[in-house]
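Encoded as structure tokens, the structure appears first; notes follow it.
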Amino acid sequence: MFSVIWTFIEFAGFFFERDGSPVKPPVWAALLIGIALALWMSRPRLTRTVKLQDKDITLQITVHDVFRVGGGAVIVPSNVLFKHDHLDEGAVQAQLRNQFYENPAAFERVLEDALKHEPSEMITLQGNQVRKYPIGTAARLELNSAKVKGAYIVATAELNEYGRAIPNREQFRTALNSLWDYIGKRGRKEHLIIPVIGSGRNRLNVNRYELIHDIVNTFMLAVECCKFSEKLTIVIHPDAFMRNRYDLEEMEEYLRYVSKFEV
25 MFSVIWTFIE FAGFFFERDG SPVKPPVWAA LLIGIALALW MSRPRLTRTV KLQDKDITLQ
85 ITVHDVFRVG GGAVIVPSNV LFKHDHLDEG AVQAQLRNQF YENPAAFERV LEDALKHEPS
145 EMITLQGNQV RKYPIGTAAR LELNSAKVKG AYIVATAELN EYGRAIPNRE QFRTALNSLW
205 DYIGKRGRKE HLIIPVIGSG RNRLNVNRYE LIHDIVNTFM LAVECCKFSE KLTIVIHPDA
265 FMRNRYDLEE MEEYLRYVSK FEV
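Encoded structure:
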């Protein structure tokens, strides 16, 4: 790096002179420029973007907070009861509730209104009568936000008698397929932003590479039939990225493989 900079300085000295002597910056300035360029070139690339060949569709993976990516609608996983009172603050549904609604009751009212025309049944859970929806039930929630256009909340997991998610990868895939179908038929054509759902409250015993495959694969199959979005951004939370040391190079290679072979 420094040799390249110094070669450029020497070359420039032939063209710029002052009082008959070549004009050259001081050595310390060249060192600072070299250090700055080295730091810039070695910075971590936390966003990887691939455009699908012969299609006006972009796939992106980024390390970010899902509600700060902006410019689109966020996909929020839930359970078949759309129950949220048991969630910790880090759950995506809890973040949606806490960031965009005055209180849990206000969120519950909006949720009930969005789901009122969806098929459901009444069941008993822990002594209470609750409304249960089929896997894949989805609804769009409008958000009063300049950054996030809206949210699609989708039922991705059944609950056991203790109110905990029952891990089932087939149901997870079914939920994704139903979500894309809902957006294609009833949603808007817009940028979609989805966290790497499945490994948290769904308790699926698979790694995030496999979950990303399920998300991308079902999305690609769906847009073949109905192009409901021109951009899908998959978001890895910074804490998960640092904790698990994910290789973004490998993820980008996978996206390029998908764009080339459409698998």
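Counting in the working numbering, the sequence shown runs from 25 upward without gaps.
In this text, a Cβ means the ideal position worked out from N, Cα and C, and glycines have one as well.
#1: Is it buried or exposed for I147, if we count other Cβ within 10 angstroms and need 16 for buried?
#2: Please list the segments of the beta strand (DSSP E) lying wholly inside the region 222-270, counting only runs of 3 or more residues, in order along the chain.
#3: Under the assumption that V93 contacts I217 (Cβ atoms under 8 Å), give the Cβ distance between them as a whole number of angstroms.
#4: Is it the case that the Cβ atoms of T242 and N192 are separated by a distance below 9 Å?
#5: Measuring CA to CA, which of E185, T257, E254 and L279 is closest to N152?
#6: Within the same chain, show all residues whose beta-carbon is closer than 7 Å to that of E273, passing over the 5 residues directly before and after it, in chain order.
#7: Which residues mark the beginning and the end of the alpha helix (DSSP H) in which A118 is found?
#8: Relative to the alpha-carbon of V240, which residue among S283, D80, S144 and R69 has its alpha-carbon at the smallest distance?
#9: Take H88 and list the residues in its own chain whose beta-carbon comes closer than 6 Å to its own, dropping the five residues that flank it on each side.
#10: Give the list of continuous alpha helix (DSSP H) stretches no shorter than 4 residues that lie fully inside the region 159-213.
#11: If distances are taken between C-alpha atoms only, which option among A264, M244, F252 and P262 comes closest to Y281?
#12: Sorted by chain position, which residues of the same chain lie with C-beta nearer than 6 Å to L205's C-beta, five sequence neighbours on each side aside?
#13: Go to E145, then tell me how far its alpha helix (DSSP H) extends in each direction, as first and last residue.
#14: Given that a residue counts as buried once 16 or more other Cβ atoms are within 10 Å of its Cβ, and exposed if not, what is A130?
#15: Under 7 Å Cβ to Cβ from E214, same chain only, skipping five residues before and after it: list those, please.
#16: At the level of alpha carbons, what is the spacing between R232 and V220?
#17: With respect to the alpha helix (DSSP H) encompassing R133, which residues constitute its N-terminal and C-terminal limits?
#18: On the three-state DSSP scale, how would you describe Y281?
#19: Between which residues of its own chain and G208 is the CB-CB distance below 6 Å, once the five residues before and five after are set aside?
#20: My output table needs one value for L272: the three-state DSSP class, helix, strand or coil.
#21: Can you give me the start and stop residues for the beta strand (DSSP E) that K75 sits inside?
#22: Is R267 buried or exposed, if buried means 16 or more other CB atoms sit within 10 Å of its CB?
#23: Keeping to the same chain, check which residues put their C-beta closer than 6 Å to that of D315; ignore five residues upstream and five downstream.
#24: A179: which of R269, N127 and P158 sits nearest, CA to CA?
#25: Give the C-beta separation of L183 and L83 to the nearest angstrom, bearing in mind that I take them to be a contact with Cβ-Cβ under 8 Å.
#26: For K140, which of P128, E126, K107 and R155 has the nearest alpha-carbon?
#27: Between the alpha carbons of A181 and Y278, how many angstroms are there, rounded?
#28: Below 9 Å between beta carbons: does that hold for A199 and G224?
Working from what's here:
#1: I147 sits exposed, since fewer than 16 C-beta atoms from the chains shown fall within 10 Å of its C-beta.
#2: Taken in chain order, the unbroken stretches of beta strand (DSSP E) that lie wholly in the region 222-270 and span 3 residues or more are 255-260.
#3: With a Cβ gap of about 5 Å, V93 and I217 count as contacting.
#4: If you check the CB distance, T242 and N192 do not come in under 9 Å.
#5: Ranked by Cα distance from N152, the options E185, T257, E254 and L279 are led by E185.
#6: For E273, there are no CB contacts under 7 Å within the same chain when 5 residues up- and downstream are skipped.
#7: In the DSSP assignment, A118 falls within the unbroken alpha helix (DSSP H) covering V116 to F124.
#8: Nearest C-alpha to V240: S283.
#9: Counting only residues of its own chain and dropping the five nearest sequence neighbours on each side, H88 has a CB closer than 6 Å to the CB of V259.
#10: Given a length threshold of 4 residues, each whole run of the alpha helix (DSSP H) inside the region 159-213 is given here in chain order: 193-210.
#11: Of the residues A264, M244, F252 and P262, the one whose Cα lies closest to the Cα of Y281 is M244.
#12: Inspection of the sequence shows that residue 205 is occupied by Asp rather than by Leu. Cβ within range, chain order: n/a, list empty.
#13: Here E145 belongs to no alpha helix (DSSP H); instead the beta strand (DSSP E) covers E145 to L149.
#14: Exposed, since its Cβ has fewer than 16 Cβ neighbours within 10 Å.
#15: Take E214, set aside five residues on each side of it, and the residues of its chain with a beta-carbon closer than 7 Å to its own are G96, A97, K173 and S253, in chain order.
#16: Near 7 Å, if we compare the C-alpha coordinates of V220 and R232.
#17: Boundaries of the alpha helix (DSSP H) around R133: P128 to L139.
#18: In this structure, Y281 counts as helix in the three-state DSSP scheme.
#19: Counting only residues of its own chain and dropping the five nearest sequence neighbours on each side, G208 has a CB closer than 6 Å to the CB of C250 and F252.
#20: The answer is helix: DSSP assigns L272 an H, G or I state.
#21: Its beta strand (DSSP E) spans residues T71 to K75.
#22: Its Cβ having fewer than 16 others within 10 Å, R267 is exposed.
#23: Any property of residue 315 remains undetermined from this structure, which presents the chain solely from 25 to 287.
#24: The alpha carbon of A179 has as its nearest neighbour, out of R269, N127 and P158, the alpha carbon of P158.
#25: About 32 Å; that fails the 8 Å criterion.
#26: Out of P128, E126, K107 and R155, R155 has the C-alpha closest to the C-alpha of K140.
#27: Note on geometry: alpha-carbon atoms of A181 and Y278 lie some 27 Å from one another.
#28: With contacts defined as CB atoms closer than 9 Å, A199 and G224 fail to qualify as a contacting pair.
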